[in-house]
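Undergrad:
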């Protein structure tokens, strides 16, 4: 059964879209938005002990299971754990995973209330240190291990802001089996909050990473992606980069105008195959 088989009718979904958990900064919601049902799933809000506060988020898992489930940690876009990220968790749960998306901005503000992207970036995103995010991902890992996940079959994926964090977490957690980074930035200025970027930690990668990028991305030049491809090859890493010629940034974000359904579906299947090939299934 494909992900499309679980999508709710467009008309009924869009009629209630304003009441769902989409960030203000991404309004209006595009007609292409997918809403995956929760039939046969258990969904909820985790209470993740970070050691410096309780972190919420969203999780989805099959309702009936005979044992521990393979895990995917889903790392949010800049807009936080809004309805699209929750939907991605439900899609993964339909494939048999425990999927959990932690609210990684929880100490700094609510991205759902930011009126526009510039405000969100300035008042929340810029204040979130990489070290804090990576520690919170460790906490999410621990939470999953005590809530039905098989940590021997675990992966991480992230989108945009979360794509970059996925590369970093693949260099941090050797117990992961695989990672998939969707259009995450690979290089940039070094700051106190961002002391290293994915291109800086290629030699430290501990698990295979699948990078999914668009050639029409105005924020991540193809030259940067090719630089990462060359660095991975030079370091002898079992990772791969896919560049979609017609895709722009956020091509998997079905709620936005830049959504590219053909490439999004292909990338999603490639991600699932990548996880299975490397033991995260």
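In full-length UniProt numbering, the protein residues as written are 1 to 281. Virtual Cβ for every residue (Gly too), placed ideally from N, Cα, C. Keep in mind that this is a model prediction, so the values were computed, not measured.
If contact is defined by three or more beta carbon pairs under 8 Å, each pair taking one atom from either stretch, is the segment 213-220 in contact with the segment 237-254?
TA: yes
Undergrad: Could you have a look at residue 152 and say whether DSSP puts it in helix, strand or coil?
TA: strand
Undergrad: Going along the chain, which residues of its own chain have a beta-carbon closer than 6 Å to the beta-carbon of residue 18, five neighbours each way excluded?
TA: Residue confidence is low: residue 18 scores 37 on pLDDT, short of 50, so the model does not pin down where it sits. No coordinate-derived value is stated.
Undergrad: Buried or exposed, going by whether 16 or more other CB atoms sit within 10 Å of the CB of residue 74?
TA: buried
Undergrad: Would you kindly check if the distance between the Cβ of residue 171 and the Cβ of residue 155 is under 8 Å?
TA: With contacts defined as CB atoms closer than 8 Å, residue 155 and residue 171 fail to qualify as a contacting pair.
Undergrad: With a threshold of 7 Å on Cβ separation, who are the neighbours of residue 256 within its own chain once the five nearest residues in sequence on each side are excluded?
TA: 26, 30 and 250
Undergrad: Taking the Cβ atom as the reference point for each residue, do residue 112 and residue 24 lie within a distance shorter than 8 Å?
TA: yes
Undergrad: Among 166, 160 and 99, which has the Cα closest to the Cα of residue 148?
TA: The shortest Cα separation from residue 148 among 166, 160 and 99 belongs to 99.
Undergrad: Once the 5 residues before and after residue 133 are set aside, which same chain residues still bring their CB inside 6 Å of it?
TA: Same-chain partners within the cutoff: 104 and 165.
Undergrad: How many whole angstroms separate the CB atoms of residue 193 and residue 118, which I take to be in contact at a CB cut-off of 8 Å?
TA: Contact check for residue 193 and residue 118: beta-carbon distance about 18 Å, past the 8 Å limit, so the pair fails to qualify.
Undergrad: Would you mind stating whether residue 207 and residue 176 have Cβ atoms separated by less than 8 Å?
TA: yes
Undergrad: Count the other CB atoms, across all protein chains shown, that sit within 10 Å of the CB of residue 77; report buried if there are 16 or more and exposed otherwise.
TA: buried
Undergrad: One question on the structure: do residue 184 and residue 214 come within less than 8 Å of each other, judged by their Cβ atoms?
TA: Annotated as distal: residue 184 and residue 214, with beta-carbon spacing of 8 Å or more.
Undergrad: Please determine, among 145, 82, 143 and 58, the residue with the shortest C-alpha to C-alpha distance to residue 114.
TA: Checking every option, the nearest Cα to that of residue 114 belongs to 82.
Undergrad: Mind checking residue 261: buried by the 16 CB within 10 Å criterion, or exposed?
TA: The residue in question, residue 261, is exposed, as its Cβ has fewer than 16 Cβ neighbours within 10 Å.
Undergrad: Which value, in whole angstroms, describes the spacing of the CA atoms of residue 50 and residue 86?
TA: 21 Å
Undergrad: Comparing C-alpha positions only, which one of 237, 95, 56 and 274 sits nearest to residue 65?
TA: 95
Undergrad: How long is the line joining the alpha carbons of residue 168 and residue 197, rounded to whole angstroms?
TA: 7 Å
Undergrad: Could you check the C-alpha separation between residue 106 and residue 53 for me, to the nearest Å?
TA: 9 Å
Undergrad: Find the nearest neighbour of residue 89 within the set 67, 63 and 58, judged by alpha-carbon distance.
TA: 58
Undergrad: Taking the C-alpha atoms as reference points, what is the distance between residue 158 and residue 181?
TA: If you take the alpha carbons of residue 158 and residue 181, they lie about 5 Å apart.
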